[in-house]
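Engineer:
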Amino acid sequence: MESLQLAHKCILNSFYGYVMRKGSRWYSMEMAGIVTYLGATLIQMARALVQQIGITLELDTDGIWCCLPQSFPENFTFTTNNPSSSKVTISYPCVVLNKMVHDDYTNHQYQTCISPGVYERRSECSIYFEVDGPYLAMMLPASREEGKSIKKRYAVFDPDGRLADLKGFELKRRGELMLIKDFQSQVFRRFLDGTTLVEAYESASVVANVALDMLYSKGEGYEADEILEKLSESSNMTRRLSEYPESQKSLALTTARRIADFLGPQMVKDKGLACQFVISRLPSGRPVTERAIPLTIFRADPTVRTHFLRKWTGDNTLSANIDLQHLLDWDYYIARYSACVQKIITIPAALQHVPNPVPRVPYPEWLQKRVQQRSSRFKQISLTGMFEKMKSNEGDIPDVEDLVNNSDNTRLHRGVGGDLQRNGATSGVDHSAYDVEEKSDNQSSSDSAAGSHDGHDRLLDQAMALEDGVVNALKDKYFAPGSTHSLDADFFNNPGVDAWLTRQKQAWIHRAKLRREVMKEDVFLNADGKLASTHFIDVRAKSLSATWQIIEIRPERADSDTVSVIAVLDKTLYTFQCIVTRRIIVDADPVADIPCASPVTTAHVLPRNRTPVKLLHVDLPPGQKGERMLNELRKGREDVYAVYEDNVTRTEIMVERVGCCANVIVDDHLRNARRRPHLRGTFSVDELESVSAANYMQNFSDRFVFIFHVTSDTRGIVGVVNHYNHTALIVVVQPSSAPVPLLDWKSLMIEAAKSVNSAECSLGIVQEVTADTDSAWRLIHRALNEMLEGVGSPLLAVLESNITTQQLLEQRYLPPVLPYLRVLGAAEDERLLSDPFRWVKLLGRRLLQRYCSSPQWIEERVAFSRLSKIPICNLK
């Protein structure tokens, strides 16, 4: 098996490079493509699986390096009955990957010839993963270019500190600078020193500084032979020197030509010449390829050496004694060496927020800019900056109660304001404004205590009603959507400003308490130290404090266990994800053992008056496990006689249990906050309690849009009307060769309003013409997004279309953040397309008629929702 695996590995690594060459024996681009595609998809699937568990570090055609959590299972040992091998150990990660390969890559049509014309078919899979490790550490270099990474370069160490694998570095290459090879042979092991990241980089910097000291001192204290050994490079000539054109330039060619000039042309007549050289700083201003000095010249006679060095450098002042400090290009070698140090030490350290361990090696320009921005006190606010880690001194959120208690408590009393309390105490209320007369001390003793309390409560109710009226008038004037009034002197002199401010402070205090609870109970924020945007925390706190006016409950296709709840909170539209547990009723044997079952406590009448044996509520687990359990209860158990309510969807369960108005049970939600990471922003249906729907969708009936869609083949109309600001976009779909329709939309609007007995209103209509429906929907989608971002953004969309809402959402014709109330009539309106000449005018008038009828349609549906407690968009 090991030899077979080795063969598979060799094939995947070299098959494409071999069979794609036209001179190869088995030349076949099709064969090369399918083998390479098979290997690529296999590694991609392995990567996707590993990324769900840990982190992928390096991908190759024949393997994957990854980092798995310490708690992830590694090996399992089974005890068998076989005396020869009583214990069998398996690698759990290896088994998981091999199971994936077996499921997706097994050939179920493998045939073996048994006899002429007779074949035996069987399943065959000879591709297996093998797991190496775990290892102690893996070092990966960084790229000097921003946003890029270096592939197939890494150093891996065994747990005992020995180097297990080294790939891609200069240390493995022939001819590289010995200075860089010496550095790389020592630096990787130094990363294992120390107990912190900073200590590891400090240990590695010691190795880097040794070579930098030699380079910056220009070899002071070193022998000439030792310097030449450290700074020499080599390159082999693949062809004869005579085969290269004279115009071609390279370090190896310059070295070979100078060897021929020095030792004679017979030394370079064969191919495979090994050229060893160093780089001279002379002649100054020339390219590096023209400044290569053969290493053999330094072993020649001093007279000959001086002659040729003067010739090649163009400096006739060179002495017979070798002065490498004056001859070599030390800046070139510093740049070469610094590039290697940057990739291994300085850039990775900066990306890991460690100060530069080797200050003499500067950062690249892009990294220097990033480090400066990170350390600057004047940071520019960015979207990604909202998710930076929270500093230790920022963990405490200021207590708004303290701010309120420490503020000026001597507020001016302007007639209305302060807190009215049921115990009779009033704060900042001028009772003279309400004509409340205090009873005199000599009040008749015949007044009973009950009568006194009733009169006092009645006076408080009147005062509260008057205060509500003043505060509401103030809010409508200054804080209503689309209000243009600024907070001027009239606002602060208004008699209701004190009461408004008091109520706002109470709301702020309550919101701050919830924000602190959210920050404290949210395991995700606490464990990872991430500071989410204040906006997200406020939305979370508002969802816990405000009443949800649920407009639509929509199934979530990506996750069958959750539903999307589109609700209005404080006249703002939000979308929440809610987990809904499916509950079925099972008629089973009294001794049946069914998991997640509880007795039914209410009376149920079964279909056809069937007498139950024992009714149980069974909560199905999410996902495929729940479906398997349901199938087992339906068919696979003899002690289960019948299953009821198994076809009820999660949307129907949510509507039945929550209704159209709900509050979050804050304690239950915060207690259940320790969910899995991808569920931490969700709610459970058990955390919501249904409340009265008497005020459902009150005071925002004008914030809706009407969407009209009637098309057939290449003709039709798609339009959207914003009821809040009375603007409309109507897109006519017709062949590009047809003339542009000219309609009097004002007259059509008057006709439409009269036909449905609606009040006349003026619309600012913009007409567009497109040749296909997709282009029309793109214009509508763009208009809807602009409406959602503008003043008085819609809270509801009334939709007439001959396509289902789900199909429109899947095709991305409509934004998913809006709830959609369907109206009837699409099939009837589609018949207007049969008129070949007047269809544009007829459909345009019908669009305006449907729009004028929309307010009445919404009003009727709201009345039904308040009565049935079903969200308006879920009415059928």
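Residue numbering for the sequence shown is 10 to 885, as defined by our numbering. For glycine and all other residues, C-beta sits at the position ideal for the given N, C-alpha and C.
Between the alpha carbons of LEU540 and TYR733, how many angstroms are there, rounded?
Structural biologist: Confidence at LEU540 is low in this model, with a pLDDT of 43, below 50, so the placement of that residue should be treated as unreliable; the coordinate-derived value is given next. Cα to Cα, the separation comes out at about 37 Å.
Engineer: Measuring only the C-alpha atoms, how far is ASP932 from ARG591?
Structural biologist: Lying before the first or after the last residue shown, residue 932 is absent from the chain, which here runs from 10 to 885.
Engineer: Report yes if the C-beta distance between TRP557 and ALA671 is below 8 Å; otherwise report no.
Structural biologist: Yes, these two residues count as a Cβ contact at 8 Å.
Engineer: Where does SER416 land, buried or exposed, given buried means 16+ other C-beta within 10 angstroms?
Structural biologist: Below a pLDDT of 50, predicted positions are generally treated as unreliable, and SER416, at 40, falls in that range; the measurement from the model is reported next regardless. By the 10 Å Cβ count, SER416 comes out exposed.
Engineer: Out of LEU625, ILE62, CYS103 and PHE87, which has the shortest C-alpha to C-alpha gap to GLN79?
Structural biologist: Out of LEU625, ILE62, CYS103 and PHE87, ILE62 has the C-alpha closest to the C-alpha of GLN79.
Engineer: Nearest-angstrom Cα distance between THR121 and GLU133?
Structural biologist: Spanning the two alpha carbons is a distance of roughly 11 Å.
Engineer: Near ARG7, which residues of its chain fall below 6 Å by C-beta distance, leaving aside the five closest residues on each side in sequence?
Structural biologist: Missing from the structure shown is residue 7; the chain here goes from 10 to 885 and no further.
Engineer: In its own chain, which residues sit with a C-beta less than 8 Å from the C-beta of VAL380, not counting the 5 before and 5 after it?
Structural biologist: Correct list, in chain order: ALA359 and TYR372.
Engineer: In this structure, how does DSSP classify HIS732 when only helix, strand and coil are distinguished?
Structural biologist: Of the three classes helix, strand and coil, the one that applies to HIS732 here is coil, per DSSP.
Engineer: Assign THR264 to one of three DSSP states: helix, strand, or coil.
Structural biologist: Here THR264 sits in helix by DSSP.
Engineer: Could you name the residues that DSSP lists as bridge partners for TRP35?
Structural biologist: Answer is none; TRP35 lacks a bridge partner.
Engineer: DSSP on CYS75, reduced to helix/strand/coil?
Structural biologist: In this structure, CYS75 counts as strand in the three-state DSSP scheme.
Engineer: Below 8 Å between beta carbons: does that hold for VAL675 and LEU578?
Structural biologist: Against a cut-off of 8 Å, the Cβ pair of LEU578 and VAL675 comes out as no contact.
Engineer: For ASN708, I'd like the list of residues in its chain whose CB is within less than 6 Å of its CB, leaving aside the five on either flank, ordered along the chain.
Structural biologist: Excluding sequence neighbours, ASN708 sits near nothing in its chain.
Engineer: Tell me where the beta strand (DSSP E) around HIS117 begins and ends.
Structural biologist: Looking at the DSSP string, the run of the beta strand (DSSP E) that includes HIS117 is 116-124.
Engineer: Can you give me the C-alpha to C-alpha distance between GLY281 and ARG248, rounded to a whole angstrom?
Structural biologist: So the two alpha carbons sit approximately 7 Å from each other.
Engineer: Taking just the CA atoms, how far does PRO254 sit from THR312?
Structural biologist: Cα to Cα, THR312 sits roughly 32 Å from PRO254.
Engineer: Just reading off the alpha helix (DSSP H) that PRO357 is part of, what are its end residues?
Structural biologist: Looking at the DSSP string, the run of the alpha helix (DSSP H) that includes PRO357 is 356-360.
Engineer: Is MET40 helix, strand or coil by DSSP?
Structural biologist: Of the three classes helix, strand and coil, the one that applies to MET40 here is helix, per DSSP.
Engineer: Within its chain, find whatever has a CB closer than 8 Å to the CB of ARG198; leave out the 5 residues flanking it on each side and keep chain order.
Structural biologist: Counting only Cβ-Cβ distances below 8 Å, and skipping sequence neighbours, we find PHE166, GLY170 and LEU172.
Engineer: ALA220 and LEU333 look like a contact to me (Cβ under 8 Å); what is the Cβ gap, rounded to whole Å?
Structural biologist: Contact flag wrong, Cβ pair sits at about 16 Å.
Engineer: By the 10 Å Cβ neighbour count, where 16 or more other Cβ atoms means buried, how is VAL673 classified, buried or exposed?
Structural biologist: Buried, because 16 or more other Cβ atoms sit within 10 Å of the Cβ of VAL673.
Engineer: If you follow the beta strand (DSSP E) that ALA714 is in, where does it begin and where does it stop?
Structural biologist: Inspection of the sequence shows that residue 714 is occupied by Val rather than by Ala. Looking at the DSSP string, the run of the beta strand (DSSP E) that includes VAL714 is 713-721.
Engineer: Using a 10 Å radius around the Cβ and a threshold of 16 neighbouring Cβ atoms, would you call PRO366 buried or exposed?
Structural biologist: PRO366 is buried by the Cβ-count criterion.
Engineer: What are the start and end residues of the beta strand (DSSP E) that includes GLY773?
Structural biologist: Per DSSP, GLY773 belongs to the beta strand (DSSP E) from 773-779.
Engineer: Who are the near neighbours of TYR341 in its chain, counting only those whose CB is closer than 6 Å to its CB and skipping five residues on each side?
Structural biologist: Contacts found: ILE288.
Engineer: Would you kindly report the start and end of the unbroken beta strand (DSSP E) that includes ARG130?
Structural biologist: Where ARG130 is concerned, the enclosing beta strand (DSSP E) stretches over 127-133.
Engineer: The alpha helix (DSSP H) that contains ASP191, what's its start and end?
Structural biologist: 187-199 is the extent of the alpha helix (DSSP H) around ASP191.
Engineer: Can you check which of these residues, LEU625, ASN618 and ARG56, is closest to THR1 by C-alpha distance?
Structural biologist: A query on residue 1 cannot be resolved here, the shown segment of the chain reaching from 10 to 885 and no further.
Engineer: If you scan the region 586-629 from start to end, which runs of the beta strand (DSSP E) of 3 or more residues do you find wholly inside it?
Structural biologist: With a minimum length of 3 residues, the continuous beta strand (DSSP E) runs that stay inside the region 586-629 are 592-597, 606-608 and 624-628.
Engineer: Please classify ASP722 as buried or exposed, where buried requires at least 16 other C-beta atoms within 10 Å of its C-beta.
Structural biologist: Under this definition ASP722 is an exposed residue.
Engineer: Could you give the first and the last residue of the continuous alpha helix (DSSP H) run that contains VAL832?
Structural biologist: Looking at the DSSP string, VAL832 is not in any alpha helix (DSSP H), and its letter there is neither H nor E.
Engineer: Using CA atoms only, rank isn't needed, just tell me which of VAL727, THR779 and TRP848 is closest to ASN811.
Structural biologist: The residue with the shortest Cα to Cα distance from ASN811 is VAL727.
Engineer: Taking the alpha carbon of ASN84 as the reference point, which residue from THR45, SER152, ARG637 and GLY142 has its own alpha carbon closest?
Structural biologist: Ranking THR45, SER152, ARG637 and GLY142 by Cα distance to ASN84 puts GLY142 first.
Engineer: For ASN704 and MET796, which I take to be in contact (beta-carbon distance under 8 Å), what is that distance rounded to the nearest angstrom?
Structural biologist: Not quite, the Cβ-Cβ distance comes to about 25 Å (not below 8 Å), so this is no contact.
Engineer: Which word fits ILE893, buried or exposed, when buried means at least 16 other C-beta atoms lie within 10 angstroms of its C-beta?
Structural biologist: As displayed, the chain neither begins before 10 nor continues past 885, which places residue 893 out of reach and without an answer.
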